[in-house]
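J.: My structure is below; once you've seen it, I'll send some questions.
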Amino acid sequence: MIDFVEICRRVATGRLVSEEKFDRVLFYPKVKELIQRYGIKADLENLVNQDDGIADAVFHAAVDLVSEVGVYCPDSQRIIELSRDEVLEAVREAPGPCWFGEDKDRKLYPVRKPDSPDIPPWCHIGGGVIYENEDIAFKVVEGIARISEADSISMPTFRRLRDMPISTGSPAGLLTCIRSVEVARSALRQSGRSGMPILNGIPGAGSAVETIAASCPGLGLRPSDGWIIGFLSEMKVSFDALNKCAFLLNTGGRIGPEGGSILGGYCGGPEGTAITNCAYFIVGILVMKGRFQISFPTDINLGCSTTRGVLWGVGVTSQAMSRNINYPFHMLGYCMGGPMTKSYFYEDTAYLLVAIPSGASAQSCAPAKAVVDNHMTPLELKYSAEVIRCAHKLSREEANEIVKRLVPKYEDNLSSASSGKSYQECFDVKTGYPKKEYVDFYSEIKKEMANMGVPFDY
Amino acid sequence: METEEILAKIYDAIIELDEAKTLEMVNMVLNEGLDAIEVISQAMSPAMVEVGKGFENGKMFLPELLLSADIYQAAMNILQPKILEAGGTVEALGKVVIGTVKGDIHAIGKNLVSTMLRTAGFEVHDLGIDVPPLTFVAQAEKFQADVIALSALLTTTMESQRVVIEALTVEGLRDRFKVIVGGAPVSRQWAEEIKADGYGKDAVQAVEVTKQLCS
Ligand code: B12
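Chains as they are written, first to last, in this note's numbering: chain A, -5 to 452; chain B, 569 to 783.
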């Protein structure tokens, strides 16, 4: 496979074009052409695709997209061009399953296949949500550590340092990135899960400087943790992201490229969203030297992942990738509904039932799109973990039948779904345990979902 | 061709994103001596509204929205001189300076708002991402903007919206410009707290509120 220095060379010498030309003249028309070339058509009535032919067509279209368009860097205004042979080589040499964590919390993140009840998915829990202060963030991590289904965690961050609201890029912002790592690791230690891997280094980091600072050994992160590095939509990579890669490749941290195509944006509809989304996996391996991947397609109008078009793309991406690349990955869903709303539980279940039987691993879906401060609690995450832990027992066909009945339960109210209640409202802040009202709510809805056919373990 | 027929053809050509045909019809309008203002209000603007609706309900995508905005602009470039010649005026609904605030590189929402404002008839100056507070102020002065639109996607960059307002106040310019804020973590409550003039939860609201602020 071409190496990282070669990527650095191409980003500095590739074809020079404006960003607008890349988006509108090179990228979008190519996506449309590929949809035609492979005759790909979304079926929005059956959101869990059953046709392997479509999944493989999407995969081949993604290979063509990467080799015919390349990856744009807005900083150098150049295209990192990648030949077809190089792309196919990267697919062949994908890095395979990956160990994360330490001691008793050390586990193998598997590569799955569609309809594989014998390979449970990796269960990644949490999200880079912002809490009022570090005490609450600490309690949230403790709450996640108590979720025994969780294999790894995304640490949260917080809004204030002492009494100061912090801003990204400022010295206080950098200090907060460092503190967030210390807080998360110490909460995990205190909970008795010191070896549990943290996969989202570093949630508050606005740039490579913060990532590098907060990754210093001794602060809490170790090479057996994961670092998330984002592509820009669509098919772009910044110097900043490549700087993070350069650092991590030399310090041994596991790189998790993240890419999410945006339905309605430069990749068009569900078909283009699926093709582009798959292309991110290929360039994740090739350009960022990823060890595992996070994928999060969203809808441009709602910013969530639980519309029909996006769900179809999630299923097809999961199938296309798990069938064709030996590369561990998880899908991350953004729900409109927040903590203690029915919408969250319906959306989360639908998303996971599309992704997991299709061959993906999964992260707990983000309540209120992970954009509202304090609006993610360990209880809906626990629910999500329970779905992740059992969804692989369903075949695609069985999952499709449940999803068909589930989506109509929330879709008409999606745009007005409530962002729900905050951690402080759902949990007793002193003890860090959920309030009775929320426990009852959770039990009730879990019963409802079990009756719909979700095969919970208990 | 009847006036109505020409207007209908222009309307259709824009919706079909056919630039050549739109411009051909617009030129025909001028040759036949039709009223340019009428072409804009009866055919072009309604077509843009329709394109916007198509985008909202998932029938059209961002590249098409951008293309329709380009076609609209190209047609305006032909019509504008004629209107001016005839002693008329074609004023944009207002001038907007827009950008994503300092420290924040999220571009997609801001681009969408900027495109929708353009298609609604505003003159938009997009300053890009990671824009420092005083740059907003300087550029708003330079373009004699009516509105400054600030996008922030991180809770930890929303603060920068407050700083832009502070900067306007310090420079004694707070009354000269209206400030509208938005972005996923931004709420109406936040907008009130920092004393912004407007808030929009999505691009559609952004256009509505900007219209109100300019009226
Ligand atoms: C895509 C994305 C990215 C992409 C951005 C690519 C790009 N070129 O823009 C990448 C991967 C680069 C990225 C990076 C990061 N991201 Co980000 N990202 C997102 C994501 C998934 C979608 C945002 C989006 O584009 N939505 C689609 C558009 C159309 O919606 P929108 O932006 O909300 O805009 C609409 C409205 O808000 C409104 N609007 C927007 N601007 C304006 C302006 C005005 C004036 C008005 C009136 C209205 C308005 O109208 C728009 C159209 O309807 C969100 C999650 C989410 N669902 O929102 C996280 C999210 C915003 N990101 C987040 C984070 C933490 C980051 C990083 C810090 C992660 C990291 N540590 O590296 C970095 C930030 C780096 C930086 N310095 O900015 C967090 C923010 C949490 C918080 N509350 O602060 C979110 C919520 C996800 C999460 N919780 O993990 N991200």
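Just so you know, even glycine gets a beta-carbon here, dropped at the ideal spot from N, CA and C.
Can you list, in chain order, the residues of its chain with a C-beta nearer than 7 Å to that of Gly189 of chain A? Leave out the 5 residues immediately preceding and following it.
T.: Closer than 7 Å at Cβ, skipping near neighbours: Gly95, Glu96, Asp97, Lys98, Asp99 and Arg100.
J.: Would you mind stating whether Ile396 of chain A and Gly447 of chain A have Cβ atoms separated by less than 8 Å?
T.: It is a contact, given that the beta carbons lie within the stated cut-off.
J.: Am I right that Val692 of chain B and Val664 of chain B are in contact with their C-beta atoms under 8 Å? What's the rounded C-beta distance?
T.: So it is a contact: roughly 5 Å between Cβ atoms.
J.: Assuming the contact rule is C-beta atoms closer than 8 Å, Lys363 of chain A and Ala611 of chain B should be a hit. Round their C-beta distance to whole Å, please.
T.: At roughly 38 Å, the Cβ-Cβ gap does not stay under 8 Å, so Lys363 of chain A and Ala611 of chain B are not in contact.
J.: At 4 residues or longer, and completely inside the region 56 to 123 of chain A: list those alpha helix (DSSP H) runs for me, N to C.
T.: With a minimum length of 4 residues, the continuous alpha helix (DSSP H) runs that stay inside the region 56 to 123 of chain A are 78 to 86.
J.: Does DSSP classify Pro217 of chain A as helix, strand or coil?
T.: Coil.
J.: Which residues, in order along the region 618 to 629 of chain B, keep a beta-carbon less than 8 Å from a beta-carbon of chain A?
T.: Cβ contacts with chain A come from Phe623, Glu624, Gly626 and Phe629.
J.: Using 8 Å as the threshold, is the region 714 to 721 of chain B in touch with the region 672 to 687 of chain B, meaning 3 or more CB pairs across them?
T.: They touch, by the three-pair rule.
J.: Look at Asp109 of chain A and Ser355 of chain A and say whether their C-beta atoms are less than 8 Å apart.
T.: No.
J.: Do you know whose CA, among A:Phe275, A:Ser299, A:Pro351 and A:Ile294, lies nearest Met315 of chain A's CA?
T.: The residue with the shortest Cα to Cα distance from Met315 of chain A is A:Phe275.
J.: So Ser161 of chain A contacts chain B; which residues on that side make the cut at Cβ distance below 7 Å?
T.: Going along chain B in sequence order, the residues near Ser161 of chain A (Cβ under 7 Å) are Gly671, Thr724, Thr725, Glu727 and Ser728.
J.: Taking just the CA atoms, how far does Gly353 of chain A sit from Gly284 of chain A?
T.: Taking the straight line from one Cα to the other gives about 19 Å.
J.: Which residues, in order along the region 116 to 143 of chain A, keep a beta-carbon less than 7 Å from a beta-carbon of chain B?
T.: Within the region 116 to 143 of chain A, the residues whose Cβ lies closer than 7 Å to some Cβ of chain B are Ile124, listed in chain order.
J.: So, is Asn645 of chain B buried or exposed, given that buried needs 16 or more other C-beta atoms within 10 angstroms?
T.: By the neighbour-count rule (16 or more Cβ atoms within 10 Å), Asn645 of chain B is not buried but exposed.
J.: Does DSSP put Phe152 of chain A in a helix, a strand or coil?
T.: Phe152 of chain A falls in the strand class under three-state DSSP.
J.: Using a C-beta cutoff of 8 Å, does Pro631 of chain B count as contacting chain A?
T.: Yes, its Cβ sits closer than 8 Å to a Cβ of chain A.
J.: With 16 as the cutoff for other CB atoms within 10 Å, does Thr7 of chain A come out buried or exposed?
T.: Exposed is the call here.
J.: Hey, is the region 197 to 212 of chain A in contact with the region 235 to 250 of chain A, meaning 3+ C-beta pairs nearer than 8 Å?
T.: The answer is yes - the region 235 to 250 of chain A touches the region 197 to 212 of chain A, with three or more Cβ pairs under 8 Å.
J.: When every heavy atom of the ligand B12 is checked, does at least one fall within less than 7 Å of the C-beta of Lys363 of chain A?
T.: Checking the Cβ of Lys363 of chain A against the ligand B12 gives yes.
J.: Name, in chain order, the residues that DSSP records as bridge partners for Lys230 of chain A.
T.: DSSP, once it has assigned bridges, lists A:Tyr66 and A:Leu226 as partnering Lys230 of chain A.
J.: Quick one: does the C-beta of Val123 of chain A sit closer than 7 Å to a heavy atom of the ligand B12?
T.: Checking every heavy atom of the ligand B12 against the Cβ of Val123 of chain A, one is found closer than 7 Å.
J.: My assumption, with CB atoms under 8 Å, is that Ala196 of chain A sits in contact with Ile147 of chain A. Please give the rounded CB distance.
T.: Rather than Ala, the amino acid found at residue 196 of chain A in this sequence is Ile. Actually they are not in contact, since the Cβ atoms of Ile196 of chain A and Ile147 of chain A sit about 14 Å apart, beyond 8 Å.
J.: Which chain B residues are close to Arg153 of chain A, counting only those with a beta carbon under 8 Å from its beta carbon?
T.: Here the neighbours are Thr723 and Thr724.
J.: Residues of chain A with CB under 9 Å from Ile564 of chain B, in chain order?
T.: Residue 564 of chain B lies beyond the residue range present for chain B, which begins at 569 and ends at 783; the question has no answer from this structure.
J.: Helix, strand or coil for Ala181 of chain A per DSSP?
T.: Reduced to three states, the DSSP call for Ala181 of chain A is helix.
J.: Between which two residues does the beta strand (DSSP E) harbouring Pro251 of chain A extend?
T.: Looking at the DSSP string, the run of the beta strand (DSSP E) that includes Pro251 of chain A is Arg248 to Gly253.
J.: Would you check whether the ligand B12 has a heavy atom nearer than 7 Å to the C-beta of Ala771 of chain B?
T.: At least one heavy atom of the ligand B12 is nearer than 7 Å to the Cβ of Ala771 of chain B, so yes.
J.: Does DSSP classify Glu691 of chain B as helix, strand or coil?
T.: DSSP places Glu691 of chain B in strand when its eight states are reduced to three.
J.: Within 8 Å (strictly less), CB to CB, does Ile666 of chain B reach chain A?
T.: So no, Ile666 of chain B is outside the interface.
J.: If you pair each beta-carbon of the region 257 to 269 of chain A with each one of the region 619 to 629 of chain B, do three or more pairs fall below 8 Å?
T.: Result yes; three or more Cβ-Cβ pairs closer than 8 Å.
J.: Assign Cys210 of chain A to one of two classes, buried (16 or more other C-beta atoms within 10 Å of its C-beta) or exposed (fewer than that).
T.: The residue is exposed, with fewer than 16 neighbouring Cβ atoms inside 10 Å.
J.: Do you know whose CA, among A:Cys359, A:His118 and A:Gln184, lies nearest Gly331 of chain A's CA?
T.: The shortest Cα separation from Gly331 of chain A among A:Cys359, A:His118 and A:Gln184 belongs to A:Cys359.
J.: Indicate whether at least one CB of chain B lies closer than 8 Å to the CB of Asp69 of chain A.
T.: No, its Cβ sits nowhere closer than 8 Å to a Cβ of chain B.
J.: Does the CB of Tyr22 of chain A have a neighbour CB from chain B at under 8 Å?
T.: By this cut-off, Tyr22 of chain A is an interface position.
J.: With a threshold of 8 Å between beta-carbons, can Pro753 of chain B be considered close to chain A, or not?
T.: Chain A contact via Cβ: present.
J.: Shortest alpha-carbon distance to Ala55 of chain A belongs to which of A:Glu128, A:Ile29, A:Trp116 and A:Gly212?
T.: The candidate whose alpha carbon is nearest that of Ala55 of chain A is A:Ile29.
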